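End of the sequence shown sits at 403 in our numbering; the numbers just go up one at a time, nothing left out. Report on the following structure.
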Amino acid sequence: MLTTPPLSLYVHLPWCVRKCPYCDFNSHQRRGALPFEAYVDALIADLEYDLPLVWGRVVHSVFFGGGTPSLFPPEAIDRFLQLASARLRFAPNAEITLEANPGTLEHGPFPGYRKAGVNRLSIGVQSFDDDCLQRLGRIHTRGDAAAAVKAAQDAGFDNINLDLMYALPGQSLPMALSDLEQALALAPTHLSHYQLTLEAGTAFGARPPTGIPDEDNAWDMQEACQARLAQAGFNQYEVSAYAREGHRCEHNLNYWGFGDYLGIGAGAHGKLTLPTLPAEGRVLRRWKQKLPKAYMANAGKPEAVDGEETLATHRLPFDFMLNALRLNDGVSIASFEARTGLSRSVLDDRLAIARERGWLTDEPDWLRPTPLGLRFANDVIGLFLD
18 MLTTPPLSLY
28 VHLPWCVRKC
38 PYCDFNSHQR
48 RGALPFEAYV
58 DALIADLEYD
68 LPLVWGRVVH
78 SVFFGGGTPS
88 LFPPEAIDRF
98 LQLASARLRF
108 APNAEITLEA
118 NPGTLEHGPF
128 PGYRKAGVNR
138 LSIGVQSFDD
148 DCLQRLGRIH
158 TRGDAAAAVK
168 AAQDAGFDNI
178 NLDLMYALPG
188 QSLPMALSDL
198 EQALALAPTH
208 LSHYQLTLEA
218 GTAFGARPPT
228 GIPDEDNAWD
238 MQEACQARLA
248 QAGFNQYEVS
258 AYAREGHRCE
268 HNLNYWGFGD
278 YLGIGAGAHG
288 KLTLPTLPAE
298 GRVLRRWKQK
308 LPKAYMANAG
318 KPEAVDGEET
328 LATHRLPFDF
338 MLNALRLNDG
348 VSIASFEART
358 GLSRSVLDDR
368 LAIARERGWL
378 TDEPDWLRPT
388 PLGLRFANDV
398 IGLFLD
């Protein structure tokens with residue numbers, strides 16, 4: 018039986034100082050002063066347009082992503098949260114995350130963000146090697162990153178994620194481990210540790226940099242860093258996510274578990290369960306206009322919606338597995354039934370193949386990848402694509 022999953026709110030703030038050559042997110046280079054007030058107004062208009070889809074539901078997490086949200090001063094974040102919480106029911110202990118770039122903290126904003134209600138920071142360090150940072154097109158230095166983390170901790174933040182990349186151009190295994198050691202020395206509570214990938218439509222995708230480690234060397238880096246993180250007390254709970262006890266990212270866990278999320282902002286994507294509709298229309302995906310100027314002009318109107326799709330029944334197993342099988346602990350088959358409205362029997366043939374290949378554990382009521390399944394996650398997930 019289909020049930021309504023937890024609800025999150027994703028808020029996209031699309032501007033950056035400079036677009037990184039590996040980035041395929043909807044981000045736009047800042048040119049002149051940013052329209053903070055007008056953009057918050059647009060976000061609220063966008064939220065009000067989508068409200069009928071989520072009447073009465075509680076928001077369990079909020080995530081300000083980008084772009085570079087730390088370009089926005091605390092006053093803008095505070096104003097948005099006040100206006101949004103007057104329209105949506107926020108859980109008393111809602112996790113509220115803001116992404117921050119160490120090179121864009123000119124506002125000295127951490128105490129202000131904390132006062133506004135942000136209780137989790139995700140700081141995009143990527144590397145502590147200044148040469149690697151330069152090759153990645155980052156605008157900060159190793160010293161900027163360390164100073165940003167300390168400033169956040171001094172402001173009272175005790176839930177801090179650091180983004181760290183490996184398999185960078187010119188990077189060796191000792192360099193990757195050195196990056197990790199410097200991250201651990203800053204005492205974060207969470208680490209997102211992921212491999213550099215060359216995405217289509219990016220500068221690196223069009224003109225790959227030289228010196229990128231090959232697949233075997235990248236795997237050696239991943240294994241060595243996984244072992245060091247485990248030794249340091251970080252539990253790996255998703256392919257690229259590691260946390261100290263009690264500090265998993267609730268917002269991302271909701272994504273990975275096929276939860277619901279309302280997406281507002283330029284280019285934001287959302288996914289919502291509508292249990293009263295017929296089976297073919299119960300899961301709605303909606304995304305907004307990408308260009309900030311067009312989005313702001315149309316926010317609150319149908320024109321701000323760039324597209325939407327109701328998932329066909331045959332698509333639901335793949336969409337569910339797309340993220341759920343990236344979780345180390347997996348998910349229950351009962352969760353699959355509750356969040357798709359489908360019977361577990363639709364999975365039987367493909368689960369048999371995955372278990373025969375050693376990709377999933379042999380647990381009748383659980384969908385849990387083996388270490389081999391985690392390594393070949395894309396192949397496992399591909400089994401469920403019709």
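Even for Gly, the Cβ is constructed at its ideal location relative to N, Cα and C. Every value quoted in this text rests on a predicted model; they were computed, and no experiment measured them.
Considering only residues of the same chain and omitting the five flanking positions on each side of residue i, which have a CB-CB separation below 7 Å?
i	result
Arg96	Val57
Leu68	Arg104
Gly299	A quick correction: the sequence has Arg, not Gly, at residue 299. Cβ within range, chain order: Leu19, Thr290, Leu291, Pro292, Gly358.
Ala62	Ala316, Gly317
His343	For clarity, residue 343 is Arg in the given sequence; the question names His instead. Glu255, Val256, Trp273, Ala394, listed in sequence order.
Pro38	Gly154, Thr219, Ala220, Phe221
Gly250	Arg261
Leu64	Ala101, Arg104, Ile281
Gly324	Trp304
If you count every other CB in all the chains shown that lies within 10 Å of the CB of residue i, and 16 or more means buried, which is it?
i	result
Lys4	This structure gives no information on residue 4, because the portion of the chain shown stretches from 18 to 403.
Leu26	buried
Ser144	buried
Pro225	exposed
Gln151	exposed
Gln188	buried
Glu198	exposed
Thr227	exposed
Gly399	exposed
Arg356	buried
Arg106	exposed
Compare the Cα-Cα distances from residue i to each of the options and report the closest residue.
i	options	result
Arg303	Pro309, Lys318, Leu279, Thr293	Leu279
Pro52	Leu88, Pro23, Phe81	Leu88
Glu255	Leu197, Ala394, Arg374, Phe353	Ala394
Ala283	Gly222, His45, Leu197, Arg155	His45
Ala258	Glu320, Gln306, Asn340	Asn340
Ala172	Asn178, Phe127, Leu208, Leu138	Phe127
Leu24	Pro31, Val75, Phe42, Ala59	Val75
Ile281	Phe42, Ala59, Arg47	Ala59
Ala164	Ile350, Ile140, Tyr211, Ala235	Ile140
Does DSSP put residue i in a helix, in a strand, or in coil?
i	result
Trp304	strand
Phe353	helix
Cys242	helix
Arg137	strand
Tyr27	strand
Pro191	helix
Trp72	coil
His331	helix
Thr290	strand
Gly2	With the chain covering only 18 through 403, there is no way to say anything about residue 2.
Cys33	strand
Phe127	helix
Ile281	strand
Pro90	coil
Trp383	strand
Gly49	coil
Ser144	coil
Leu197	helix
Leu377	strand
If you follow the alpha helix (DSSP H) that residue i is part of, which residue opens it and which one closes it?
i	result
His268	267-273
Tyr259	That residue, Tyr259, is in no alpha helix (DSSP H); its beta strand (DSSP E) goes 258-260.
Leu391	388-392
For residue i, which residues from the same chain have a beta carbon less than 8 Å from its beta carbon, with the 5 sequence-adjacent residues on both sides left out?
i	result
Asp396	Trp376
Pro90	Phe53, His124, Pro126, Gly129
Start and end of the beta strand (DSSP E) containing residue i?
i	result
Ile113	106-117
Glu325	322-327
Glu255	252-255
Arg367	Arg367 -> not in any beta strand (DSSP E); alpha helix (DSSP H) instead, spanning 365-373.
Asp63	Premise fails: Asp63 lies in the alpha helix (DSSP H), 53-67, not in any beta strand (DSSP E).
Asp180	177-183
Tyr211	207-212
Between residue i and the rest of its own chain, which residues show a CB-CB distance below 6 Å, the 5 nearest in sequence each way excluded?
i	result
His331	Asp403
Thr85	Cys33, Asn118, Thr121
Arg131	Ala172, Gly173
Asp147	Thr158, Arg159
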